[in-house]
Structures are given as C-alpha cells and as structure tokens.
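Engineer: Numbering (our numbering), first residue to last: 3 to 193.
Glycine residues also receive a C-beta, built at the ideal position from the N, C-alpha and C atoms.
Sharing a structure with you now.
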Amino acid sequence: MIVIAIYPGSFDPITLGHLDIIQRGSRLFAHVIVAVVRNPNKNPLFTVQKRLEQIRLSTKHLANVEVDAFDGLTVNYAQMRKAQVLLRGLRAISDFEVELQMAHTNKTLSHQIETVFLATSNEYSFLSSSVVKEIAKFGGSVDHLVPPHVALDISQCYAQNSPVSNQIKTEVIPPRKSLPMESPTTETLRE
Ligand code: ADP
C-alpha cells in the first residue's frame, strides 16, 4: 500500500526541527507533501510564496517530498490529495494537548485519515518558528536553528527594520516651560 502523508503547518519560517520531521517522515511514507497553511488570522513574517521557496530549497535533496500551499480544512486538502496520513511533530506536553484535540477533531471530519505523530529529536525540542523570530528580532544569530538560506532571508528581513534594541531606552523629558502664574479671571471669580 502506498501511503501519502501531508505535513501541514505555518512554517514561518521552516526550522531545523521541521526539517528533521520531514526527513524522518520521508523515510516512513512513500510521498510527503509539506503543506503551508494559508492562514489569514496570523500576521506572518514571510509571504506564503517565500515560505514555499524556503521549504523547496531545504528539501530539494529529498526525492519523495513535495511542497504546496492550501486554504481551508486540512482534511479536505488531504482528501483532495488522496493522502491517508496527517504528519505532525510533538515537542512538549503543551503540543500534545493541542495536537490531540486537533487529531480528534479531524477524525470526526474524516474517518479514513490518521494523524501520525513523530516525537521531536532531542536537540530540537525547544525549537519553534516563534523562538527563531524572537532571537532574530533582537539581533541574535539563528544560524544553528534554520537552514543557511533561511538565516539569510531572516537577517535581510530584520536588517530592513533594524533589530529592536534590547536596552531599555530612557526617555528624556524636556523641562516644562514655567507658565505665568494663573490669576483668577473676573469670570472665574464670579462663579
Ligand atoms: P502550526 O501553525 O500548525 O503550529 P508550525 O509550523 O508551528 O505550524 O508547526 C507544524 C508542525 O511541526 C506541528 O506539528 C509542530 O508541532 C511541528 N513542529 C514544529 N517545530 C518542531 C520541532 N522543533 N520538533 C518537532 N516538531 C516540530
């Protein structure tokens, strides 16, 4: 039986943690489709087009991995692509709660589709796209967390809006101009 797996996510941007799941998934399944969710509720750092490029470049050595984007429900996309498996990664208990709820919800939508979880590799258990963006925002290096071309994209992105200083800025408040003594006007005296 040829099993096709969808690995859905935001991948904003792809990290070495994602890449690890993709590589291991590609050894388990005949075909893996890394699917970028077009989520209008999130405010992404990279456009969907840029994320597709980043993932394609990162996975070009994996012959059975395809990269795509989709709108709407993941199960509908999986059915459309004739996939039997949704591949997800688990890092911590916090992931588990959300992922289990999502897997149960998806099961109510399509009984044929199974969610398969891969435990994160130890070295990436702390890693998320948000962690990468947080470090880069303050000018730190993310070379050890993302593929080299993604690190370059990130540094270019933050170079345009120079990294937020992590020093506390002290606001200099100019001395107030001394106002002439307000003397009661005839109007205020009349009240
Ligand atoms: P989402 O917006 O769906 O959370 P992400 O791009 O953050 O999308 O993650 C996609 C999937 O990859 C999720 O299943 C997530 O748990 C998993 N994942 C993310 N980072 C890691 C990591 N460092 N190790 C293992 N799995 C990960």
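Mark valine 100 as exposed unless 16 or more other C-beta atoms lie within 10 angstroms of its C-beta, in which case mark it buried.
Structural biologist: Working through the sequence shown from its first residue, we reach residue 100 at position 98. Its Cβ having fewer than 16 others within 10 Å, valine 100 is exposed.
Engineer: Which value, in whole angstroms, describes the spacing of the CA atoms of histidine 20 and phenylalanine 13?
Structural biologist: Locating residue 20 in the sequence shown gives position 18, where the first residue counts as 1. Locating residue 13 in the sequence shown gives position 11, where the first residue counts as 1. Their Cα atoms are separated by approximately 8 Å.
Engineer: Would you call phenylalanine 128 buried or exposed, if buried means 16 or more other Cβ atoms sit within 10 Å of its Cβ?
Structural biologist: By one-based count along the sequence shown, residue 128 stands at place 126. Exposed is the call here.
Engineer: For phenylalanine 98, collect the residues of the same chain with a Cβ closer than 8 Å to its Cβ; drop the 5 residues on either side in sequence, then sort them by chain order.
Structural biologist: On the sequence shown, position 96 is the one that residue 98 refers to. Leu92, listed in sequence order.
Engineer: Please confirm whether serine 28 has its beta-carbon closer than 8 Å to some beta-carbon of chain C.
Structural biologist: Given the protein chain composition of this structure (a single chain), no chain C is represented.
Engineer: Which class does leucine 147 belong to by DSSP, given the choice of helix, strand or coil?
Structural biologist: Against the sequence shown, residue 147 aligns to sequence position 145. In the structure shown, leucine 147 sits in coil (DSSP, three-state: anything other than H, G, I, E or B).
Engineer: Do isoleucine 4 and glutamine 56 have their CB atoms nearer than 8 Å?
Structural biologist: Indexing the sequence shown from 1 puts residue 4 at position 2. Indexing the sequence shown from 1 puts residue 56 at position 54. For isoleucine 4 and glutamine 56, no; Cβs fall outside 8 Å.
Engineer: Going by the CB atoms, is the gap between valine 36 and threonine 61 shorter than 8 Å?
Structural biologist: The residue labelled residue 61 in the question sits at position 59 within the sequence shown. The residue labelled residue 36 in the question sits at position 34 within the sequence shown. Yes, the Cβ-Cβ distance between threonine 61 and valine 36 is below 8 Å.
Engineer: Ignore the nearest five residues each way along the sequence and tell me which others in glutamine 25's own chain have a CB closer than 8 Å to its CB.
Structural biologist: The residue you call residue 25 lines up with position 23 of the sequence shown. Contacts found: Leu64.
Engineer: With 16 as the cutoff for other CB atoms within 10 Å, does proline 42 come out buried or exposed?
Structural biologist: Residue mapping note: residue 42 aligns to position 40 of the sequence shown, counting from 1. Classification of proline 42: exposed, given that the 10 Å Cβ count is below 16.
Engineer: Any heavy atom of ligand 1 within a distance shorter than 7 Å of the CB on arginine 26?
Structural biologist: As a first step, residue 26 is located in the sequence shown; it is residue number 24 there, counting from the start. No - ligand 1 has no heavy atom lying nearer than 7 Å to the Cβ of arginine 26.
Engineer: Using three-state DSSP, classify alanine 7 as helix, strand or coil.
Structural biologist: Here residue 7 refers to the residue found at position 5 of the sequence shown. Of the three classes helix, strand and coil, the one that applies to alanine 7 here is strand, per DSSP.
Engineer: Express the C-alpha separation of valine 39 and proline 10 in angstroms, rounding to a whole number.
Structural biologist: Taking the sequence shown and counting its residues from 1, one reaches residue 10 at position 8. Taking the sequence shown and counting its residues from 1, one reaches residue 39 at position 37. If I take the Cα positions, the gap works out to 7 Å.
Engineer: Quick check: is any heavy atom of ligand 1 less than 7 Å from the C-beta of leucine 88?
Structural biologist: Translated into positions along the sequence shown, residue 88 becomes position 86. No - ligand 1 has no heavy atom lying nearer than 7 Å to the Cβ of leucine 88.
Engineer: List the whole-angstrom C-beta distance separating threonine 117 from arginine 90, where the pair is believed to meet the contact cut-off of C-beta under 8 Å.
Structural biologist: For this step, residue 117 is matched to residue 115 along the sequence shown. For this step, residue 90 is matched to residue 88 along the sequence shown. Confirmed, Cβ separation roughly 6 Å.
Engineer: Go ahead and pull the three-state DSSP assignment for leucine 89.
Structural biologist: Locating residue 89 in the sequence shown gives position 87, counting from the first residue. It is a strand residue.
Engineer: Check whether the Cβ atoms of leucine 47 and lysine 135 sit closer than 8 Å, and answer yes or no.
Structural biologist: The residue given as residue 47 occupies position 45 in the sequence shown. The residue given as residue 135 occupies position 133 in the sequence shown. Contact: yes.
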